[in-house]
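Student:
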Amino acid sequence: MRISGTDVRIKELIHEYFENGSVDISNEDIHDVAGIFKRFFLFCLKGSIFTLELYEDFLDVERNNDIEDEENYLQELQTVINKLPKWNRETIHEVVKFFSILKDHEEKTKMGIKNLSIVIGPTLIWKENLPLDRYLDDNQLSCNLVTNMIIYHDRIEW
-16 MRISGTDVRI KELIHEYFEN GSVDISNEDI HDVAGIFKRF FLFCLKGSIF
34 TLELYEDFLD VERNNDIEDE ENYLQELQTV INKLPKWNRE TIHEVVKFFS
84 ILKDHEEKTK MGIKNLSIVI GPTLIWKENL PLDRYLDDNQ LSCNLVTNMI
134 IYHDRIEW
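Shown next, in the form of structure tokens:
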């Protein structure tokens, strides 16, 4: 079961960040840190970090994913990643590395790769005003994308 952070502490840390420009999270509860991360991507960014322009391209990589042809999948994913602006690409890289670390500590965090993808995937890659059926389909594809980026993060050229 996923454990949420403490709302009061998350708000305090976010406030500290905006007051000071940084915050030391090295001794903070991991669930609070995850809560900060999710709120940042939910409320602070203007649009998907994967960009609206590349939204369909990223989801098409997942729609066309042939699990048997790993190299082709990685090549297609790499092609789309290379189209991202540098800041977006580098941020996604750091996020995916962070998720990989969280995944490696699943016993403590209760956040395996599937949970991470479900909780944060739709927060990272999304598009406004989709009809419900399309939203649900795209939501699953975004989870698959994040799952695969975590799995293959060390094979992607960022």
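Each residue of the sequence shown is one higher than the last, beginning at -16 in this note's numbering. Beta carbons: idealized from backbone N, C-alpha and C, even for Gly. Predicted model, so just to flag it, every value in this text is computed and none were measured.
1) To the nearest angstrom, how far is it from the Cα of E51 to the Cα of E2?
2) Just to confirm before moving on: does the CB-CB distance between E59 and N127 stay below 8 Å?
3) So, at 6 Å on beta carbons, what are the nonlocal neighbours of D143 in its own chain, with the 5 sequence-adjacent residues on each side left out?
4) With three or more C-beta pairs closer than 8 Å as the rule, is the stretch 115 to 123 touching the stretch 68 to 83?
5) Determine the extent of the alpha helix (DSSP H) in which R138 is found, giving its start and end residues.
6) From this set, H88, S83 and L124, which residue's C-alpha is nearest D137's C-alpha?
Tutor: In this structure, then:
1) Each residue's CA atom was taken as its position, placing E51 and E2 some 50 Å apart.
2) The criterion of a C-beta distance shorter than 8 Å is not satisfied by E59 and N127.
3) There is no way to answer for residue 143, as the model of the chain reaches only from -16 to 141.
4) Too few Cβ pairs lie closer than 8 Å, so no.
5) Boundaries cannot be given for R138, as no alpha helix (DSSP H) includes it and DSSP labels it neither H nor E.
6) For the residues H88, S83 and L124, the minimum Cα distance to D137 belongs to S83.
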